[in-house]
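Note that the sequence shown covers residues 293 to 762 in this note's numbering. A virtual CB, placed ideally from N, CA and C, is assigned to each residue, including glycine. In what follows, a single structure is set out as structure tokens and then discussed.
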Amino acid sequence: MFDLIVNFITAYVLGFYLITVLQWYNYKVSRIIFHFHKPLWHLLYFIVPVVTYIAAYRFFWIYLFFGLIPTLVLWQRRVKNLTITGRVKRFFLYLGLIETINLLFLNKLHYNPGISVLIVIILTVIASEISEYILFVKYKKMAKEKLKKINPKIVAITASYGKTSIKNFLYQILENEYNVYKTPRSVNTIKGIIKDINVDMPENTQIYIAEAGAREKGDILEIVKFLENEYSILGKVGPQHIEYFKTIENIKNTKLEIFKTPNLKIGYSYEIGYNDKVKVIKDKIKDIESSLNGLKWKLEIDNKLYDFECNILGSFNVINISLSIFMAHSLGMSIEKIQQKVAKLQSVPHRLQKIEVGGKVIIDDSFNGNLEGMIESYNLIKEYKGRKVIVTPGIVEATDEMNKTLAKKIDEIFDLVIITGSINKKTLCENITKSDKIVLKDKSNLEKILSENTKAGDLIIFSNDAPEYL
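Structure representation (structure tokens):
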């Protein structure tokens with residue numbers, strides 16, 4: 293009986309670890325195998341326990357109760373907690389059913405319990421994938437029917453970086469002129485969009501703005517084929533998520549899927565053309581002025597120059613706002629009304645958001661995770677007369693060369709560098725030589741470190757933010 297209890301607990305311990313990391317990576321098995329950022333964790337919390345159980349199952353209980361479970365509890369306390377969703381509940385239900393069947397056979401046939409636990413985990417993942425796909429097809433059909441019933445004009449937006457900003461700027465311009473609804477936060481997958489439509493989209497929506505993200509070829513195409521949107525926007529394309537796409541050409545081709553919607557009426561692209569329905573706006577943007585007080589620029593629309601200004605920081609945001617302006621004009625708004633709306637634009641949370649607290653200037657740029665955008669934000673800060681402090685993990689899902697370039701730029705501008713997390717610690721430390729450095733294993737003591745090492749008059753920028761599990 294004791295051996296059966298050990299087997300049952302082991303199955304759930306391994307299952308807990310597996311579903312936790314799967315949730316972090318959007319439940320993609322391939323991503324936790326080929327793109328996991330902490331492979332040592334797989335070794336410690338899955339591979340070693342399974343191998344140990346297979347090889348020495350008679351004494352495995354000692355390792356389970358005095359080694360694996362205590363270390364896993366400590367691990368769980370310092371990483372992102374598992375969110376108990378319907379999918380997670382179903383996973384544990386399948387695990388319990390399959391493990392119960394396993395125990396019935398194990399009690400009679402007495403085969404290797406370590407191998408049986410591994411088979412249980414594999415079968416649970418397969419059962420979960422099948423059931424979730426069946427539910428996905430059902431929910432997708434429901435969302436499609438709701439879209440047909442509401443029949444809004446749909447704008448789909450993608451970019452390597454800036455897509456959430458474009459979505460929010462376009463929403464602010466259109467707001468109060470139309471019943472407009474957008475995907476929340478950074479929801480940009482087909483499953484997220486389907487859930488959002490089914491659960492939250494209002495019945496009176498006239499314009500729906502959807503953000504489309506991708507980790508592999510075909511992701512955006514799947515979204516636009518489902519939405520059948522009439523309007524598309526492609527922002528700046530660059531090496532974001534290069535570890536998944538391998539080449540810039542692959543990234544470019546994947547992003548261009550935004551224009552492959554079957555009902556495209558008009559599309560706007562910053563610099564990459566597609567067909568005669570897609571307008572490239574790069575040469576329409578002129579005379580950009582950028583400072584810590586905001587932006588001013590001119591935009592050529594219908595062969596006439598118009599002036600725009602706003603309190604948004606970062607010259608790269610001129611691209612995002614200009615794309616929104618063109619789309620709003622295509623949707624029926626006058627240039628004069630758009631100019632008024634642009635002047636009142638609010639910063640997108642965590643994207644060069646300026647806050648003044650206790651005599652310190654805080655720049656929250658924690659959602660800016662691309663090299664070009666991060667360097668642009670540093671150039672903007674360069675003009676600040678006081679002491680400059682940066683809190684950053686570097687660039688996640690990027691090459692060492694990109695983080696070297698970033699580190700050298702940081703070294704030019706900042707007086708104090710606080711490096712959070714270990715993912716880019718080595719590269720940043722080796723290439724930041726002039727600035728003072730503080731390295732934090734995690735962010736639990738960040739508030740204390742900032743209070744001890746900054747004072748009134750300092751500028752502090754939070755530049756990118758790695759997930760807690762990194």
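For residue j and residue i, the rounded distance between their alpha carbons
| i | j | result |
| --- | --- | --- |
| V653 | Y566 | 42 Å |
| N404 | I324 | 27 Å |
| V409 | K400 | 16 Å |
| I418 | L672 | 50 Å |
| L584 | Y337 | 47 Å |
| I426 | N695 | 42 Å |
| I393 | R507 | 37 Å |
| F383 | V688 | 29 Å |
| S420 | K455 | 32 Å |
| V634 | Y319 | 39 Å |
| I534 | I543 | 8 Å |
| V313 | S626 | 48 Å |
| N299 | T691 | 42 Å |
| T746 | I682 | 11 Å |
| A502 | P494 | 14 Å |
| I753 | F358 | 43 Å |
| K330 | T375 | 20 Å |
| L296 | L395 | 6 Å |
| P685 | I741 | 15 Å |
| E514 | Q645 | 33 Å |
| W589 | D707 | 31 Å |
| I411 | F397 | 13 Å |
| K629 | Y598 | 12 Å |
| N609 | D511 | 25 Å |
DSSP beta-bridge partners of residue i
| i | result |
| --- | --- |
| T684 | I711 |
| C721 | C721 pairs with nothing; no bridge assigned. |
| S561 | L526 and V572 |
| K445 | I499 |
| S658 | None, per the DSSP bridge assignment. |
| W589 | F600 |
| S583 | G586 |
| S755 | D657 |
| K729 | V709 |
| I376 | Answer is none; I376 lacks a bridge partner. |
| K578 | K590 |
Distance between beta carbons of residue j and residue i, contact taken as under 8 Å
| i | j | result |
| --- | --- | --- |
| Y257 | I611 | Not covered by the structure: residue 257. The range shown for the chain is 293 to 762. |
| S755 | S669 | 7 Å |
| I407 | I346 | 6 Å |
| K547 | V529 | 5 Å |
| L387 | Y309 | So it is not a contact: roughly 12 Å between Cβ atoms. |
| G586 | I604 | 6 Å |
| H770 | I593 | Residue 770 is absent from the model: the chain starts at 293 and stops at 762. |
| N723 | A699 | 4 Å |
| L462 | S616 | 4 Å |
| Q632 | F600 | The Cβ separation is near 10 Å, so there is no contact. |
| S727 | I702 | 7 Å |
| N716 | Q532 | Actually they do not touch by this definition, with Cβ atoms about 15 Å apart. |
| G307 | I413 | 6 Å |
Contact under 8 Å by Cβ, residue i with residue j
| i | j | result |
| --- | --- | --- |
| I550 | Y500 | no |
| E522 | K557 | yes |
| V380 | I311 | yes |
| S658 | D750 | no |
| Y680 | I705 | First, the amino acid is wrong: residue 680 is Lys here, not Tyr. Yes. Within cutoff. |
| Y453 | G624 | no |
| T497 | N480 | no |
| T416 | I390 | yes |
| P554 | K509 | no |
| I580 | L591 | no |
| V640 | N460 | yes |
| H334 | F326 | no |
| K619 | I525 | Per the sequence shown, residue 619 should be read as Met rather than Lys. Yes, they are a contact pair. |
| A451 | I458 | yes |
| K735 | S714 | no |
| I465 | T475 | no |
| Y355 | T363 | no |
| G651 | A748 | yes |
| K372 | F428 | no |
Near the ligand NAD: residue i beta-carbon under 7 Å from a heavy atom
| i | result |
| --- | --- |
| I730 | In the structure on display, the ligand NAD does not appear, and there are no ligands present to speak of. |
(message) Give the list of continuous alpha helix (DSSP H) stretches no shorter than 4 residues that lie fully inside the stretch 296-357.
(response) Runs found: 321-326, 331-334, 340-347 and 352-355.
(request) Write down every uninterrupted run of the alpha helix (DSSP H) in the stretch 507-551 whose length is 4 residues or greater and which is fully enclosed by it, in chain order. (result) Complete alpha helix (DSSP H) runs here, min 4: 511-519, 534-537 and 540-547.
(message) Just to confirm the assignment: which complete alpha helix (DSSP H) runs, minimum length 4, are found wholly within the stretch 599-653?
(response) As far as the stretch 599-653 is concerned, its whole alpha helix (DSSP H) runs of at least 4 residues are 609-622 and 627-635.
(message) For a minimum of 3 consecutive residues, which ranges assigned as the beta strand (DSSP E) are wholly contained in the stretch 416-488?
(response) Listed in chain order, the complete beta strand (DSSP E) runs (minimum 3 residues) inside the stretch 416-488 are 445-450 and 472-474.
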